[in-house]
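Report on the structure given below.
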Amino acid sequence: MLTDKQTARYRELRALGVPPPQAIKAARYAPPNPTLGIEFDKPAKWTVEHKGREFELTAKLEIDEIGDLDFYGTIEISAECPGVEWIALTPPYTDWPDRGRPWFKPACSYEEHRQGARKGLSRGVADQQARDYVNRDLRRVRGYLDGDWHLAGMIVEARTCGVLLGNGSVWGLESDDQDGFSEVAHEMAHKALAEATETLAKLGCNP
Numbered sequence: 000m001l002t003d004k005q006t007a008r009y010r011e012l013r014a015l016g017v018p019p020p021q022a023i024k025a026a027r028y029a030p031p032n033p034t035l036g037i038e039f040d041k042p043a044k045w046t047v048e049h050k051g052r053e054f055e056l057t058a059k060l061e062i063d064e065i066g067d068l069d070f071y072g073t074i075e076i077s078a079e080c081p082g083v084e085w086i087a088l089t090p091p092y093t094d095w096p097d098r099g100r101p102w103f104k105p106a107c108s109y110e111e112h113r114q115g116a117r118k119g120l121s122r123g124v125a126d127q128q129a130r131d132y133v134n135r136d137l138r139r140v141r142g143y144l145d146g147d148w149h150l151a152g153m154i155v156e157a158r159t160c161g162v163l164l165g166n167g168s169v170w171g172l173e174s175d176d177q178d179g180f181s182e183v184a185h186e187m188a189h190k191a192l193a194e195a196t197e198t199l200a201k202l203g204c205n206p
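Under numbering that gives the first Met the number 0, residues 0 to 206 are what the sequence shown spells out, in order.
Listed below in structure tokens is the structure:
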């Protein structure tokens with residue numbers, strides 16, 4: 000049986016056209032992806048052989064200027080509390096417009112967390128767990144407003160002989176989750192290589 004990570008790798012290989020027996024073997028025994036050490040001012044570069052052709056890959060990070068925090072909840076600027084489920088983001092942020100202060104409404108409320116946690120837990124434990132979940136999201140949003148972290152995008156480009164042939168990208172990453180950047184880059188590399196292979200096929204270039 001494959002682990003979750005091996006299953007994801009198997010699906011990636013199948014999407015690239017690798018037959019099931021070879022994909023299972025490769026997913027099960029493939030070595031872990033190397034750490035790339037990607038930073039905002041330091042793109043990562045490496046080469047891979049794919050379908051009989053060598054590709055140069057470049058992974059870079061960019062600021063996601065249009066991303067949102069919907070995963071955590073909604074932020075609204077208001078002079079007064081917008082509603083019962085809204086939480087004031089204190090201390091006041093003095094650089095916000097004069098029209099009000101930021102308020103936060105969690106994507107999943109305390110009551111929703113509590114109801115979900117009640118399965119198999121006592122009322123007291125479920126209550127504490129629900130409060131912990133809401134406070135965790137509140138801390139993340141406060142950190143975002145304080146500039147402790149921001150949203151980012153990962154772009155991976157595939158080239159042959161310096162010619163850009165494919166790319167893969169994902170946005171809405173959290174900038175302080177650096178341990179996960181390498182894994183995301185390798186996932187986007189599969190998309191970039193698939194697009195590059197398709198581009199070469201359209202141009203009539205065979206390995």
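Even glycine gets a Cβ: it sits at the ideal position worked out from N, Cα and C.
All values derive from a computational prediction rather than experimental measurement.
Per DSSP, the bridge partner or partners of residue i
i, result
"VAL47", "PHE54"
"GLU61", "GLY152"
"ASP34", "The sequence given here places Thr at residue 34; Asp does not occur at that position. Partner(s): none; THR34 has no beta bridge."
"ALA87", "TRP102"
"LYS41", "GLU38"
"ALA157", "LEU56 and GLY165"
Enclosing beta strand (DSSP E) for residue i [first to last residue]
i, result
"GLU75", "72-77"
"GLY223", "This structure cannot speak to residue 223, because the chain is shown only from 0 to 206."
Unbroken alpha helix (DSSP H) run spanning residue i, endpoints
i, result
"PHE180", "180-201"
Length of the line joining the Cα atoms of residue i and residue j
i, j, result
"LYS190", "GLY72", "30 angstroms"
"THR196", "ALA87", "51 angstroms"
"VAL169", "GLY152", "6 angstroms"
"GLY99", "TRP85", "14 angstroms"
"ALA43", "VAL83", "47 angstroms"
"TRP102", "LEU202", "53 angstroms"
"GLY51", "ILE76", "55 angstroms"
"ASP175", "THR6", "27 angstroms"
Chain D within 8 angstroms of residue i, Cβ atoms only
i, result
"ILE76", "Of the protein chains in the structure, only one exists, and it is not chain D."
Exercise. With a cut-off of 8 angstroms, do at least 3 Cβ pairs link the segment 158-176 to the segment 8-24?
Worked result: no
Exercise. Where in the segment 106-151 do unbroken runs of the alpha helix (DSSP H), each at least 4 residues long, occur, reported from the N-terminal end onward?
Worked result: 109-116 and 122-144
Problem set entry | Three CB pairs or more closer than 8 angstroms across the segment 103-117 and the segment 52-65 | no
Exercise. Any contact of the segment 35-43 with the segment 130-146, i.e. 3+ C-beta pairs under 8 angstroms?
Worked result: no
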